[in-house]
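The structure appears right after this line, and notes come after that.
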Amino acid sequence: MATAVQLDLTGIDTSRIMDRLMFPPAEDGASAPVGPTCGMKKSGDQGNISAKWVQKIKSYGRWDQQVTPQTVLHPPSLPMPVEIAPYSELEPFFTHLMKDMSAEDFKATFDESGQIKEETERMDDQKFEPGYEPYYKTEFLEFKRGVVYSDKRMDLCKMVVGPSIAQLMESLETNKFIEHFLLGNNIIGPDGAHAIAKFLEKRPCAMRTWYLAGNCIDTESFTILVDAMAKSHIIENLWFKRNPLGPGSHESLFKLLSQLPRLRTLDLDQTDLGDDCLAIVFDKLSDHFSDFLPIAPPSPLHSLYLNGVGILPAQEGKKTAINHISKFISQQTCQLTSLYLANNLLGDSGCKVLAEGLSKNRSIERLSLQSVGAGTEGVSALLEALAYHPTIRMIDIGQSYATIDLKMQFNWLEDGATESAVNLINNSETLRYLDLGYTNMTQASLNTISQAIAKNRFIQFYNARTLKADERSREGRAVNQEANRLKNVLRDRLHANVKDEYPDMTYDQWFAEERRWLVNDKDDVRAIDSVYRNRDAGMARRGQMVLKKWWTEDNEDILKKASGKSCEWKNRPKEVEA
Numbered sequence: 002m003a004t005a006v007q008l009d010l011t012g013i014d015t016s017r018i019m020d021r022l023m024f025p026p027a028e029d030g031a032s033a034p035v036g037p038t039c040g041m042k043k044s045g046d047q048g049n050i051s052a053k054w055v056q057k058i059k060s061y062g063r064w065d066q067q068v069t070p071q072t073v074l075h076p077p078s079l080p081m082p083v084e085i086a087p088y089s090e091l092e093p094f095f096t097h098l099m100k101d102m103s104a105e106d107f108k109a110t111f112d113e114s115g116q117i118k119e120e121t122e123r124m125d126d127q128k129f130e131p132g133y134e135p136y137y138k139t140e141f142l143e144f145k146r147g148v149v150y151s152d153k154r155m156d157l158c159k160m161v162v163g164p165s166i167a168q169l170m171e172s173l174e175t176n177k178f179i180e181h182f183l184l185g186n187n188i189i190g191p192d193g194a195h196a197i198a199k200f201l202e203k204r205p206c207a208m209r210t211w212y213l214a215g216n217c218i219d220t221e222s223f224t225i226l227v228d229a230m231a232k233s234h235i236i237e238n239l240w241f242k243r244n245p246l247g248p249g250s251h252e253s254l255f256k257l258l259s260q261l262p263r264l265r266t267l268d269l270d271q272t273d274l275g276d277d278c279l280a281i282v283f284d285k286l287s288d289h290f291s292d293f294l295p296i297a298p299p300s301p302l303h304s305l306y307l308n309g310v311g312i313l314p315a316q317e318g319k320k321t322a323i324n325h326i327s328k329f330i331s332q333q334t335c336q337l338t339s340l341y342l343a344n345n346l347l348g349d350s351g352c353k354v355l356a357e358g359l360s361k362n363r364s365i366e367r368l369s370l371q372s373v374g375a376g377t378e379g380v381s382a383l384l385e386a387l388a389y390h391p392t393i394r395m396i397d398i399g400q401s402y403a404t405i406d407l408k409m410q411f412n413w414l415e416d417g418a419t420e421s422a423v424n425l426i427n428n429s430e431t432l433r434y435l436d437l438g439y440t441n442m443t444q445a446s447l448n449t450i451s452q453a454i455a456k457n458r459f460i461q462f463y464n465a466r467t468l469k470a471d472e473r474s475r476e477g478r479a480v481n482q483e484a485n486r487l488k489n490v491l492r493d494r495l496h497a498n499v500k501d502e503y504p505d506m507t508y509d510q511w512f513a514e515e516r517r518w519l520v521n522d523k524d525d526v527r528a529i530d531s532v533y534r535n536r537d538a539g540m541a542r543r544g545q546m547v548l549k550k551w552w553t554e555d556n557e558d559i560l561k562k563a564s565g566k567s568c569e570w571k572n573r574p575k576e577v578e579a
């Protein structure tokens, strides 16, 4: 089964991949099922992926909420296995960038209506193939390695520039077209960070977006990079996923968050920060943007990705990272709309502390808490805090597909959370997306929640499944008949709710195209969409490609050649036995 460690899913709607892998459409072509038991076959079907997933969750069970040295694990912060590109395959794209030919080439290749011109009307010596981005139909020019889009994205994701990073940055010194720099999974290392910093010294306001996921950037090189970025007044989106920034990065992170006036998005997923580092950062941020200042400046930050960064439960008598994060989001100066905290060991105590901040917050629209080791008490506190929230649109407290690989803990909801869930559904008029994932609730409790959903005029996506499918017969015939009845009722309700907001779309169209924007901020995430990442994810979804997730002895030399101690062979993530 594909996992989030296998796939570089930054900015991609994981539901397109994971839900279709695990819960394919019905044989008659109908929409993917929704409701309390969708995706489940009889328990004896060992070939059914969803049944295997259930068994994995059940084998882990409920987390005992005990933090030990063995549980304080930082998920791996290294890139996916790659092969470095030969310079000869990169050179045509670099030349194109250096000559700043994008605007001219788009005009020469596409007519005024956006259609590709006949070959006889185009240049004879072009080094690229024109095309359109799937779904969005954005025009692009694709080279052997490298794509430039008409909306000013430069895409080299997974093309593995590696030691050629200096030449890339030099080629951009004269380029006035590119505004969004996509270089995910290119293992440029600290030397690459220095090359980018050198570019920023010359052109601090060239790029609005820097997507630098999976590049072996360590603490020291991150400091140099941030010092250069801090001089920009135009940077809006920074993506550092799976770089080993390390616990010593707190000063650099505070500088980014306090000095960049237009920073909307900061992605720190799996960056080996740890609880103490984040406690320092958000303690200082809360003071910097304090409501008690005579003139309190609002924080420009809208989307914050903190998945798998080592956040721990709240501790009695000590303020940990979650305490300071909760305080930050409780302040009127907070404009955060998207908060992603999956794969951190928050536990019930951490969720309760977070709920206190959410109860005062007035900006959050998206909240992701997959696999944070939460039980009924913690989840109930969160749902109660959000029941009357003025802006909340998406809540995901299910299970992350990377839980086992990252050695985290699944959430474990039981019947005690039913009342809080129903209260949320009955009172929120902004909520559009609710994912409870697999729960340890009885079918009777899930029926109660489904009955509330069936009356809701706003929710467009709902998912809740039971881990107790084997025990349904014990609950009685009436309970199971009601579950079967509700399955169709829920489908009709969700379809109707979507139709109200998107009258020209079928539910399947909405599911494939618009649901993504309930989970992610459209403006910022569109700026990092990559045809390379999307192609690989699509092929994996269709079973046409197996994406590597583990560095092995066969490719250790590549990892060793990446500059800096952060990418040494000994630090590679080891395969986890599922």
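Letter by letter, the sequence shown follows residues 2 to 579 in this note's numbering.
Note that CB positions come from ideal geometry on N, CA and C, so glycine has one too.
Owing to the predicted nature of the structure, the values given are computational and were not obtained by experimental measurement.
Identify whether T404 lies in helix, strand or coil by the three-state DSSP scheme. coil
In terms of residues, what are the limits of the beta strand (DSSP E) holding T440? 434-440
Mind checking S610: buried by the 16 CB within 10 Å criterion, or exposed? Nothing about residue 610 can be reported from this structure: the residues present for the chain run from 2 to 579 only.
How is Q116 classed by DSSP in three states: helix, strand or coil? coil
Residue ranges of each beta strand (DSSP E) within the stretch 156-241, 3 or longer: 181-183, 210-212, 238-240
Assign A465 to one of three DSSP states: helix, strand, or coil. strand
How about S291 and Q332: are their beta carbons less than 8 Å apart? yes
Is V526 helix, strand or coil by DSSP? helix
Identify whether M23 lies in helix, strand or coil by the three-state DSSP scheme. Residue confidence is low: M23 scores 37 on pLDDT, short of 50, so the model does not pin down where it sits. Its coordinate-derived value is still stated next. Helix.
Whether N216 touches I188 by CB criterion (8 Å): yes
Quick check on M99: does DSSP put it in helix, strand or coil? helix
Return the chain-ordered list of same chain residues with a C-beta closer than 7 Å to the C-beta of T321, the five sequence neighbours on each side being excluded. D276, A280, L313, A315
Start and end residues, beta strand (DSSP E) containing G132: 130-133
Does the contact criterion of 3 or more C-beta pairs under 8 Å hold for the stretch 432-439 versus the stretch 84-93? no
Identify whether Q66 lies in helix, strand or coil by the three-state DSSP scheme. coil
I'd like to know if the stretch 134-150 and the stretch 526-534 are in contact, where contact means that at least 3 CB-CB pairs between them fall below 8 Å. yes
I'd like to know whether the C-beta atoms of A196 and A167 end up nearer to each other than 8 Å. yes
Using only the alpha-carbon positions, how far apart do I326 and A356 sit? 11 Å
Residue environment, N489, which counts as buried when at least 16 other CB atoms sit within 10 Å: exposed
Three or more C-beta pairs under 8 Å: does that hold for the stretch 466-475 against the stretch 491-503? no
Skipping 5 residues on each side, what residues in its chain have a beta carbon closer than 8 Å to that of E514? Y136, M506
For T392 versus S364, is the C-beta distance shorter than 8 Å? yes
Could you please give me the residues that DSSP links to L339 through a beta bridge? The sequence given here places Ser at residue 339; Leu does not occur at that position. In the DSSP output, where bridge partners are listed per residue, S339 has S304, R367.
What are the start and end residues of the alpha helix (DSSP H) that includes V580? The structure shown does not extend to residue 580, since the chain is modelled only from 2 to 579, so the question has no answer here.
Please go through the same chain and pick out, in chain order, the residues whose beta-carbon is closer than 6 Å to the beta-carbon of Y341, but skip the five residues on each side of it. Y306, N308, S369
Using 8 Å as the Cβ pair cut-off and three pairs as the minimum, do the stretch 104-118 and the stretch 52-65 touch? no
How close, in whole Å, do the beta carbons of L1 and M230 come, if the pair is a contact with beta carbons under 8 Å? Beyond the ends of the chain as shown, which are 2 and 579, falls residue 1; an answer cannot be given.
So for Q316, helix, strand or coil by DSSP? strand
By Cβ distance, which residues of its chain are closer than 8 Å to F107, with the 5 residues on each side in sequence left out? E140, L142, S151
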